Amino acid sequence: MWDFYVLERKMKNFIVFLVALMCIGVILFGYKYWGNIEASAEKEGRLAIEKMNKKERIEKKLLIDRLNPETNQTQSFIDFLRYRFLTTNKVVISIIGGNTGASTDASTLSNTWTERLLEKLQADSEELEALQIVNYSSEGYSTSDLLNGGKIDLLIKDQPDLVLLGNSLINNYSQSISLEQTVSNLKNIMSKLQTGLPNSKIVIMSPYPIGNSKNKNSLGLSYLDYLNHSSKLISQNKWNSIDVFKEIENQLTDRNILLVDILANDYIHLNDKGNILLYEVVYKYLNHSR
């Protein structure tokens, strides 16, 4: 009887041992099985990422080729900026001038035409999300101040991709700087920028309409005299330019808006409405194929 109990206990122990052995086997098999699946999934994921990266590289190369200014000379300035980011991994617009760039009578920074332009360009294109706009404009700066004030040198050090040059005619007119000096200054400013920034685009912006533009300064010259002389100079040299004066006058007519509605109380600086119009004019020009 005692031998039977001993035998029964041994059998139970043996069965427990077999069950334990089987469990260990199942665990080892499962570990190896799921390990293989995990390794296979990891490999497939790695291959998928490599395939996606290869596709992105191909798409990027095709986009660079399409935006290359050497083969696409009629491209817009915005496409030029996209190309510069894709090839240099940075993109900068610098603005320099007097009242036009300074936008001192906008109610807030976000209402300036420069800030609106930045937000629009960043939102329009993935390549321009990192766009920076650096503004070197100063209230009251004439062409003489621009030429001799040292800000052009600072701008050139930044090596921007695009320069928007306000030609400061409002201040030349109000400070009674001669037409000859104005023309000479503009030539020298452009020469300095072109020499220092051989790979950048430079666009001259005419000033916007102001009140009492037919009034004479101490030299007997009107604001329109300065505009006409600078327009001839720009045309003769075939410089890239935005005729802000004409474009805003057209907008005022089309929208049935009075000039005084876009100017501050001094009838010289742009208010918030004026900044919106200027932003729209500049953006339209930059987005237009040349």
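Residue numbering for the sequence shown follows my numbering, starting at 10 and increasing by one per position. All residues carry an ideal CB built from backbone N, CA and C; glycine is no exception. These numbers were taken from a predicted model, which means no experiment stands behind them.
First through last residue of the beta strand (DSSP E) which encompasses residue i
| i | result |
| --- | --- |
| Leu-174 | 171-175 |
| Val-192 | Where Val-192 is concerned, there is no enclosing beta strand (DSSP E), although the alpha helix (DSSP H) it sits in stretches over 188-205. |
| Val-212 | 210-214 |
Top-ranked residue by Cα proximity to residue i, from the options
| i | options | result |
| --- | --- | --- |
| Ile-251 | Ser-151, Leu-173, Lys-69 and Asn-98 | Leu-173 |
| Leu-295 | Pro-216, Gln-84, Lys-69 and Arg-66 | Gln-84 |
| Val-291 | Ile-87, Thr-96 and Met-199 | Ile-87 |
| Ile-285 | Thr-117, Leu-71, Asn-246 and Leu-95 | Thr-117 |
| Gly-5 | Ser-147, Thr-152, Gln-184 and Ala-111 | A question about residue 5 goes unanswered here, because the residues of the chain that appear run from 10 up to 299. |
| Leu-71 | Leu-95, Leu-164 and Leu-90 | Leu-95 |
| Asn-208 | Arg-75, Arg-93 and Lys-69 | Arg-93 |
| Tyr-145 | Glu-135, Ser-134 and Asp-167 | Asp-167 |
| Asn-338 | Leu-287, Thr-97 and Thr-204 | Any property of residue 338 remains undetermined from this structure, which presents the chain solely from 10 to 299. |
| Ala-111 | Phe-89, Pro-78, Ile-179 and Ile-67 | Ile-179 |
| Val-227 | Lys-247, Ser-239, Tyr-182 and Gln-245 | The sequence as given places Ser at residue 227; Val does not occur at that position. Nearest C-alpha to Ser-227: Tyr-182. |
| Ser-222 | Lys-210, Val-269 and Ala-139 | Val-269 |
| Asp-363 | Asn-246, Glu-189, Glu-68 and Lys-247 | As displayed, the chain neither begins before 10 nor continues past 299, which places residue 363 out of reach and without an answer. |
| Ile-105 | Ala-115, Thr-123, Asp-114 and Asn-98 | Thr-123 |
| His-297 | Leu-236, Ile-198, Leu-163 and Phe-89 | Phe-89 |
| Leu-202 | Gly-159, Ser-119 and His-278 | Gly-159 |
| Ile-161 | Glu-79, Tyr-276, Tyr-232 and Ile-211 | Ile-211 |
| Ser-134 | Arg-91, Thr-113, Asp-154 and Glu-289 | Arg-91 |
| Ser-231 | Ile-186, Lys-196, Ile-198 and Thr-97 | Ile-186 |
| Gln-245 | Asp-74, Val-192, Lys-293 and Asn-120 | Val-192 |
| Glu-289 | Asn-120, Leu-163, Pro-169 and Gln-82 | Asn-120 |
| Asn-197 | Ser-153, His-238, Pro-169 and Pro-78 | Ser-153 |
| Lys-99 | Thr-80, Ile-142 and Leu-267 | Ile-142 |
Bridge partner(s) assigned by DSSP for residue i
| i | result |
| --- | --- |
| Asn-144 | Ile-104 |
| Lys-241 | Partner(s): none; Lys-241 has no beta bridge. |
| Lys-225 | Ser-231 |
| Ser-250 | Ile-213 |
| Leu-156 | Leu-156 is not bridged to any residue. |
Beta-carbon proximity check, residue i vs residue j, cutoff 8 Å
| i | j | result |
| --- | --- | --- |
| Ile-213 | Asn-265 | no |
| Leu-137 | Leu-126 | no |
| Leu-272 | Ile-219 | yes |
| Asn-108 | Leu-156 | no |
| Ser-177 | Ser-151 | yes |
| Ile-243 | Leu-206 | no |
| Ile-216 | Gly-283 | In the sequence on display, residue 216 carries Pro and not Ile. Not in contact: Pro-216 and Gly-283 (Cβ atoms no closer than 8 Å). |
| Ile-102 | Leu-140 | yes |
| Ser-275 | Ala-115 | This sequence places Asp at residue 275; Ser is not what is there. No. Outside cutoff. |
| Leu-279 | Phe-254 | no |
| Thr-113 | Glu-148 | yes |
Extent of the continuous alpha helix (DSSP H) run through residue i
| i | result |
| --- | --- |
| Gln-260 | 253-263 |
| Gly-220 | First-last for Gly-220: undefined, no H or E at that position. |
| Ser-183 | 178-183 |
| Asn-77 | Unbroken run through Asn-77: none, as it is neither H nor E. |
| Leu-90 | 86-97 |
| Val-269 | Counting along the chain, Val-269 falls outside any alpha helix (DSSP H), and DSSP gives it neither H nor E. |
| Asp-162 | 160-167 |
| Ile-277 | From DSSP, Ile-277 is part of no alpha helix (DSSP H); its letter is neither H nor E. |
| Leu-127 | 122-133 |
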